[in-house]
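Asks:
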Amino acid sequence: MSSSLLLLLSLFFPSSLSAVVTAQSSVLPSNSSTVYDILQEYNLPPSILPDTVKSFSVASNGYFVIDLYRECYVDFKYVVYYALRVSGFLGYGSVSNLEGVQIRSYLIWYGVSYIKVDLPYSDFVYIQFG
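Following the numbering used here, the numbering of the sequence shown begins with 1132 at its first residue and continues without gaps.
Structure below.
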């Protein structure tokens, strides 16, 4: 069995998120004020993160760290778990080396390591886990 699986999820993304969070000691790609704005600059849907973001930082090389107020579970087509700290590397249309996110498939939890969206953007999100 392969050590990683590629899963295609069709997610329904909310049009707005309630949390507004300012950057702390960040190097941002522009004058964005929220992590959700930065995700959109990288052509990523803001709803790949929960609305419980407490603080975030993004380095010039795309490395990011996001702290949440609490761990949480989000039920898309599958249940997704977010730890208190989520980190990885932002790329245009993708997130790599992701840590702090897991997905449940058939009662087994897998660490999510990579997220990719179609370019141009569609409602499909590709998730690599395993």
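Beta carbons are placed, not taken as given, at the ideal position from N, Cα and C, and that holds for glycine.
Tell me the rounded alpha-carbon separation between L1099 and P1177.
Replies: In the structure displayed, the chain extends from 1132 to 1261; residue 1099 sits before or after that span and is not available.
Asks: Starting from I1258, trace the beta strand (DSSP E) both ways and give me its first and last residue.
Replies: For the purposes of this step, residue 1258 is taken as the residue at position 127 of the sequence shown. 1255 to 1260 is the extent of the beta strand (DSSP E) around I1258.
Asks: For the beta strand (DSSP E) holding E1172, just list the boundary residues, first then last.
Replies: Taking the sequence shown and counting its residues from 1, one reaches residue 1172 at position 41. From DSSP, E1172 is part of no beta strand (DSSP E) but of the alpha helix (DSSP H) over 1166 to 1172.
Asks: Rounded to a whole number of angstroms, what is the C-alpha to C-alpha distance between F1207 and Y1213?
Replies: As a working note, residue 1207 is residue 76 in the sequence shown. As a working note, residue 1213 is residue 82 in the sequence shown. C-alpha separation (whole angstroms): 13 Å.
Asks: On the three-state DSSP scale, how would you describe S1178?
Replies: Here residue 1178 is taken as the residue at index 47 of the sequence shown, counted from 1. Three-state DSSP puts S1178 in a helix.
Asks: Kindly indicate which three-state DSSP category R1201 falls into: helix, strand or coil?
Replies: Indexing the sequence shown from 1 puts residue 1201 at position 70. In the structure shown, R1201 sits in coil (DSSP, three-state: anything other than H, G, I, E or B).
Asks: Please classify Y1170: is it buried, with 16 or more other beta-carbons within 10 angstroms of its beta-carbon, or exposed?
Replies: Counted from its first residue, the sequence shown places residue 1170 at position 39. Note on residue identity: the sequence assigns Leu, not Tyr, to residue 1170. Flag for L1170 reads buried.
Asks: Applying the 10 Å Cβ sphere with the 16-neighbour rule, what's the burial state of F1187?
Replies: Taking the first residue of the sequence shown as 1, we reach residue 1187 at position 56. Its Cβ being crowded by 16 or more others within 10 Å, F1187 is buried.
Asks: With a 10 Å radius around its C-beta and 16 neighbouring C-beta atoms as the bar for buried, classify V1210 as buried or exposed.
Replies: Translated into positions along the sequence shown, residue 1210 becomes position 79. By the 10 Å Cβ count, V1210 comes out exposed.
Asks: For G1261, tell me which candidate among Y1252, I1239, F1255 has the shortest Cα-Cα distance.
Replies: The residue you call residue 1261 lines up with position 130 of the sequence shown. Of the listed residues, the one whose Cα sits closest to G1261 is I1239.
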